[in-house]
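Chemist:
See the structure below:
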């Protein structure tokens with residue numbers, strides 16, 4: 001138990017957090033060391049194999065870049081050189097740059113000497129030309145040499161020389177120059193003075209075009225006006241003629257482009273002046289784009305030729321195009337075939353060459369130098385990449401120039417020194433990264449297990465801070481902490497100007513270490529606080545959102561629950577309509593349509609859920625309505641009105657089940673009572689019948705006594721029949737009766753019954769009319785029980801039929817059944833239903849005084865049903881009709 005106490009102690013928790021931070025620091029240190037190695041351009045494979053820089057993929061890319069760039073420029077060299085030599089006196093028309101120096105119809109306004117273009121490439125004006133080319137005429141106002149300055153709450157514009165101009169003053173100047181009453185776009189007349197580098201600008205109306213009064217404005221002010229305003233229609237005068245309809249884009253190129261032309265074409269006029277004189281046919285932006293392209297092409301060609309002449313190209317190339325033409329910068333290969341040059345490299349017979357690679361697209365095969373690490377492999381990969389931009393088949397060899405490799409340029413030399421300096425640290429960097437990642441994961445998991453644990457027990461707790469403060473407040477505190485952290489990091493980062501720290505400086509390492517450790521610590525504190533709160537089961541205990549949601553749910557539930565179904569439907573419709581309107585409004589900011597889809601999807605799911613619940617309730621009602629009172633509607637997945645309906649239906653089922661059980665209990669008690677009483681009466685009744693029978697045998701002369709004996713005999717027999725009926729009804733109700741089902745002839749049974757009841761019918765002057773089919777009426781039933789059924793029906797007719805009427809007995813076959821119908825006119829009014837008539841102890845009229853027990857019809861019906869027959873009574877006025885039916889055999 002002691003080790004559990006130590007595991008949950010405060011000191012152990014602090015130690016785990018410190019170890020987590022140390023692991024994060026190891027990741028930073030390892031990543032920093034790896035970055036120093038990779039900063040040279042080397043890959044992870046180079047570091048893991050401890051290759052020297054000349055064996056790295058980065059060095060292979062440098063060789064390939066040098067050789068392929070020389071190859072690409074060879075086509076340009078041909079059109080800009082004479083016999084492969086650069087001649088600065090040759091001229092080039094920048095509008096026909098692809099034709100080279102051999103183009104014959106050169107325009108002096110766009111033709112420069114190669115020396116002039118080379119000087120522009122080597123001068124500071126090249127940066128300005130780069131900007132002009134980059135702008136492409138589409139967003140010129142964004143690159144004017146004016147920047148916005150915010151000081152003391154005011155906004156200023158500052159030019160390259162540091163002059164500051166108030167935007168208000170510039171705006172006023174523009175407003176003063178424009179005639180507010182003019183209905184046309186203001187037209188400005190501008191005169192540009194090359195020597196004074198200033199312009200004069202004046203707003204003109206149609207009536208004032210001849211006015212020569214001008215207001216001077218500096219070039220910077222004009223640029224500010226162009227920056228602040230939209231397009232400007234202008235009249236520009238060069239002292240001799242006016243040229244109309246120039247927009248702000250033209251004005252910018254006119255001024256900015258002229259500043260870039262330290263060298264002029266053979267016409268001795270700037271391109272801007274040339275465009276000014278040819279407004280309808282010459283594009284000023286195209287002129288400066290062509291000039292920029294020509295400057296770079298000529299300058300790079302001159303550099304390439306110088307490197308080639310001095311042997312400073314790091315990569316040798318040998319290229320055979322699809323037409324079989326050989327191009328190479330290695331003189332010894334100029335007369336060789338691809339196979340011969342390749343074999344020289346394989347046999348190490350090519351002087352001054354190092355790592356190499358060769359590729360033949362015709363055979364889709366290639367080779368690379370051995371023993372050169374990743375350099376040869378990278379050369380081969382670069383050759384294959386080159387093939388993606390080459391049309392047709394080709395053969396290409398790239399090889400290292402050893403002389404150039406010994407005199408690398410400054411950039412490559414720096415990368416080489418950096419790589420060689422830090423390559424020894426690569427294994428340590430990898431170990432630090434792996435160990436750091438593993439440590440962060442392990443110690444963070446341990447801290448999660450420790451969180452919320454105090455001592456060896458299983459009790460979970462959270463600090464007062466975490467337990468009492470709502471989760472929303474904690475989130476706000478977290479956000480504030482992250483904002484402060486990001487602000488501090490941003491402020492410190494903005495203070496690290498380029499050059500303040502080198503890539504290998506200790507200060508930069510400390511900076512990154514502080515950023516990562518503060519990030520890790522803050523993240524760990526937030527997560528552990530939330531985990532402690534969750535383990536203490538107080539994550540949402542005092543949540544403001546939960547409290548508000550509970551209150552809102554309560555209000556909506558109360559408002560919704562107290563309304564009828566129509567009111568609930570109206571509320572749902574209103575909420576749905578309001579949600580649709582909100583989604584429609586939010587569609588203007590791009591999130592409305594996704595929300596709209598989610599809303600309709602949620603409604604569809606809700607309606608499907610309601611339909612499924614309603615179907616469950618419906619199926620349950622059908623089960624209960626079908627008589628299955630043991631079925632209970634499951635309510636676990638039901639909600640709302642469906643739940644209420646299901647509960648009510650279950651309660652109804654339970655009430656019906658209880659009522660039926662009570663009725664069955666009462667019926668059972670009554671049956672038991674009748675059975676017991678009948679058995680108790682049977683013994684003394686037998687004695688009475690026997691003694692009455694003895695008295696009847698005596699020769700009693702007194703008529704009065706003899707009449708009494710006859711009454712006793714009749715009443716005792718009646719009581720006997722009543723007792724037997726009660727016992728039989730009780731047996732039938734309890735199911736305690738055995739049936740001997742056999743094939744019987746119902747026709748014969750009816751004829752036999754007709755004979756037995758002929759005398760009894762004659763007493764009431766009843767005429768029996770019996771109509772039976774000629775064929776035998778065969779059914780499957782118990783003969784003795786069937787006789788009892790027929791006897792009870794005949795007895796019922798004999799007792800209750802109206803005297804001097806007819807009793808009809810009909811037999812027939814119908815739909816595969818044997819049907820027997822008995823009809824008679826009742827002596828007493830039939831003022832009740834057929835169902836009531838078949839109940840126990842019910843007789844045709846409450847005032848009648850016959851000897852019936854009221855059990856005959858019920859016994860007949862139950863016996864018929866038990867033998868799988870049907871028994872139906874029909875009453876129509878005083879007409880009494882009984883129909884029994886059995887399946888015919």
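Residue numbers (full-length UniProt numbering): 1 to 889.
C-beta: ideal position from N, C-alpha, C; glycine also.
#1: What three-state label does DSSP hand residue 359 in the structure shown?
#2: Between residue 318 and residue 328, is the Cβ-Cβ spacing less than 8 Å?
#3: Work out the CA separation of residue 25 and residue 322 for me, nearest whole Å.
#4: Inspect the beta-carbon positions of residue 887 and residue 779 and report whether they are closer than 8 Å.
#5: Helix, strand or coil for residue 533, going by three-state DSSP, please let me know.
#6: Quick one: any contact between the region 433–445 and the region 15–30, if contact means 3 or more CB pairs under 8 Å?
#7: When the distance is taken between beta carbons, is residue 792 closer than 8 Å to residue 860?
#8: Please say whether residue 722 and residue 796 have beta carbons closer to each other than 8 Å?
#9: Starting from residue 343, follow the alpha helix (DSSP H) in both directions and report where the run begins and ends.
#10: Nearest-angstrom Cα distance between residue 765 and residue 803?
#11: Using C-beta distances below 6 Å, list every residue in its chain close to residue 350, excluding the 5 sequence neighbours before and after it, in chain order.
#12: Quick one: is residue 378 near chain D, going by C-beta distance under 8 Å?
#13: Please work out which residues of its chain come closer than 8 Å, Cβ to Cβ, to residue 73, disregarding the five sequence neighbours upstream and downstream, and give them in chain order.
#14: Kindly list the residues whose CB is nearer than 6 Å to the CB of residue 66, restricted to its own chain and excluding five residues on each side of it in sequence; keep chain order.
#15: By how many angstroms is the C-alpha of residue 346 removed from the C-alpha of residue 405?
#16: When we look at the beta-carbon of residue 691 and count the other beta-carbons within 10 Å, is it buried (16 or more) or exposed?
#17: Tell me the rounded alpha-carbon separation between residue 413 and residue 378.
#18: Could you check whether the region 89–99 touches the region 108–120, counting it as contact only if at least three pairs of C-beta atoms, one from each stretch, sit closer than 8 Å?
#19: Can you tell me whether residue 825 is helix, strand or coil according to DSSP?
#20: Between the C-alpha atoms of residue 663 and residue 703, what's the straight-line distance to the nearest angstrom?
#21: Am I right that residue 617 and residue 645 are in contact with their C-beta atoms under 8 Å? What's the rounded C-beta distance?
#22: Compare the Cα-Cα distances from residue 373 to each of 751, 50, 665, 19 and report the closest residue.
#23: Using beta-carbon positions only, say whether residue 298 and residue 129 come within less than 8 Å of one another.
#24: If you reduce the DSSP assignment to three classes, tell me which class residue 13 lands in.
#25: Per DSSP, what kind of secondary structure is residue 805 in: helix, strand or coil?
#26: Please name the residue, chosen from 571, 56, 819, that lies closest to residue 420 on a Cα-to-Cα basis.
#27: Which two residues bound the contiguous beta strand (DSSP E) that contains residue 365?
#28: Alpha carbons only, please: which of 15, 22, 514 is nearest the one belonging to residue 433?
#29: Comparing C-alpha positions only, which one of 480, 585, 751 sits nearest to residue 774?
#30: Along the chain, where does the beta strand (DSSP E) that runs through residue 794 open and close?
#31: Given a cut-off of 8 Å, decide if residue 589 and residue 935 are closer than it, judged by their beta-carbon atoms.
#32: With a 10 Å radius around its C-beta and 16 neighbouring C-beta atoms as the bar for buried, classify residue 576 as buried or exposed.
#33: Count the other CB atoms, across all protein chains shown, that sit within 10 Å of the CB of residue 868; report buried if there are 16 or more and exposed otherwise.
#34: Where does the unbroken beta strand (DSSP E) through residue 395 begin, and where does it stop?
#35: Report back the beta-carbon spacing between residue 519 and residue 16 to the nearest angstrom; my notes put them in contact at under 8 Å.
#36: Out of curiosity, what's the CA-to-CA distance linking residue 605 and residue 641?
Modeler: Quick answer:
#1: Walking along the chain shown from the start, residue 359 turns up at place 359. Secondary structure of residue 359 (DSSP, three-state): strand.
#2: Here the question's residue 318 lines up with position 318 in the chain shown. Here the question's residue 328 lines up with position 328 in the chain shown. Yes, these two residues count as a Cβ contact at 8 Å.
#3: The residue labelled residue 322 in the question sits at position 322 within the chain shown. The residue labelled residue 25 in the question sits at position 25 within the chain shown. The alpha-carbon atoms of residue 322 and residue 25 are separated by roughly 57 Å.
#4: In the chain shown, counting from the first residue as 1, residue 887 sits at position 887. In the chain shown, counting from the first residue as 1, residue 779 sits at position 779. Yes, they are a contact pair.
#5: Sequence index remark: in the chain shown, residue 533 carries index 533 (1-based). Collapsing the DSSP output to three states places residue 533 in a helix.
#6: The region 433–445 makes contact with the region 15–30; the number of CB pairs closer than 8 Å reaches 3 or more.
#7: Position 860 of the chain shown, counting from 1, holds the residue named residue 860. Position 792 of the chain shown, counting from 1, holds the residue named residue 792. Contact: yes.
#8: Here the question's residue 796 lines up with position 796 in the chain shown. Here the question's residue 722 lines up with position 722 in the chain shown. Taking the C-beta atoms as reference points, residue 722 is found no nearer than 8 Å to residue 796.
#9: As a first step, residue 343 is located in the chain shown; it is residue number 343 there, counting from the start. Counting along the chain, the alpha helix (DSSP H) containing residue 343 begins and ends at 338–346.
#10: On the chain shown, residue 765 is found 765 positions in, with the first residue counted as 1. On the chain shown, residue 803 is found 803 positions in, with the first residue counted as 1. Spanning the alpha carbons of residue 765 and residue 803 requires a straight line of approximately 6 Å.
#11: Numbered from 1 along the chain shown, position 350 holds the residue referred to as residue 350. Cβ contact annotation for residue 350 (same chain, cutoff 6 Å, sequence separation greater than five): 344, in chain order.
#12: No chain D appears in the structure shown, which is made up of a single protein chain.
#13: Counting from 1 along the chain shown, the entry for residue 73 is found at position 73. The residues are 300, 301, 304.
#14: Start at 1 with the first residue of the chain shown, and residue 66 comes out as number 66. Take residue 66, set aside five residues on each side of it, and the residues of its chain with a beta-carbon closer than 6 Å to its own are 313, 314, 315, in chain order.
#15: Here residue 405 refers to the residue found at position 405 when the chain shown is read from its first residue. Here residue 346 refers to the residue found at position 346 when the chain shown is read from its first residue. Looking at the two C-alpha atoms, the distance is approximately 20 Å.
#16: For the purposes of this step, residue 691 is identified with residue 691 of the chain shown, where counting begins at 1. Looking at its Cβ environment, which holds fewer than 16 other Cβ atoms inside 10 Å, residue 691 is exposed.
#17: Translated into positions along the chain shown, residue 413 becomes position 413. Translated into positions along the chain shown, residue 378 becomes position 378. Spanning the two alpha carbons is a distance of roughly 19 Å.
#18: Flag = yes, the region 89–99 and the region 108–120 touch.
#19: Counting from 1 along the chain shown, the entry for residue 825 is found at position 825. If DSSP states are grouped into helix, strand and coil, residue 825 belongs with the strands.
#20: Residue numbering aside, residue 663 sits at position 663 when the chain shown is read from its first letter. Residue numbering aside, residue 703 sits at position 703 when the chain shown is read from its first letter. Spanning the two alpha carbons is a distance of roughly 51 Å.
#21: Locating residue 617 in the chain shown gives position 617, where the first residue counts as 1. Locating residue 645 in the chain shown gives position 645, where the first residue counts as 1. Yes, residue 617 and residue 645 are in contact; Cβ-Cβ is about 5 Å, under 8 Å.
#22: What you label residue 373 is simply residue 373 of the chain shown in a count that begins at 1. Cα-wise, what sits closest to residue 373 is 50.
#23: Working through the chain shown from its first residue, we reach residue 298 at position 298. Working through the chain shown from its first residue, we reach residue 129 at position 129. Against a cut-off of 8 Å, the Cβ pair of residue 129 and residue 298 comes out as no contact.
#24: On the chain shown, position 13 is the one that residue 13 refers to. Judged by DSSP in its simplified three-state form, residue 13 adopts helix.
#25: The residue given as residue 805 occupies position 805 in the chain shown. Coil at residue 805, not helix or strand.
#26: One-based indexing of the chain shown puts residue 420 at position 420. Nearest C-alpha to residue 420 among 571, 56, 819: 56.
#27: Counted from its first residue, the chain shown places residue 365 at position 365. First-last of the beta strand (DSSP E) with residue 365: 365–368.
#28: Locating residue 433 in the chain shown gives position 433, where the first residue counts as 1. In terms of CA proximity to residue 433, 22 leads the group 15, 22, 514.
#29: Taking the chain shown and counting its residues from 1, one reaches residue 774 at position 774. That would be 751, whose Cα lies nearest to the Cα of residue 774.
#30: Translated into the one-based positions of the chain shown, residue 794 becomes position 794. Careful: residue 794 lies outside any beta strand (DSSP E), inside the alpha helix (DSSP H) at 783–800.
#31: Examination of residue 935 is not possible in this model, given that the chain is present from 1 through 889 alone.
#32: Against the chain shown, residue 576 aligns to sequence position 576. Looking at its Cβ environment, which holds fewer than 16 other Cβ atoms inside 10 Å, residue 576 is exposed.
#33: Position 868 of the chain shown, counted from the start, is the residue given in the question as residue 868. Answer is exposed; the Cβ neighbour count stays below 16.
#34: The residue given as residue 395 occupies position 395 in the chain shown. That run of the beta strand (DSSP E) goes 395–401.
#35: As a position in the chain shown, residue 519 is number 519, starting the count at 1. As a position in the chain shown, residue 16 is number 16, starting the count at 1. Going by Cβ atoms, the distance from residue 519 to residue 16 rounds to 18 Å, so no, they are not a contact pair.
#36: Here residue 605 refers to the residue found at position 605 when the chain shown is read from its first residue. Here residue 641 refers to the residue found at position 641 when the chain shown is read from its first residue. Linking residue 605 to residue 641 through their CA atoms gives a straight-line distance of about 17 Å.
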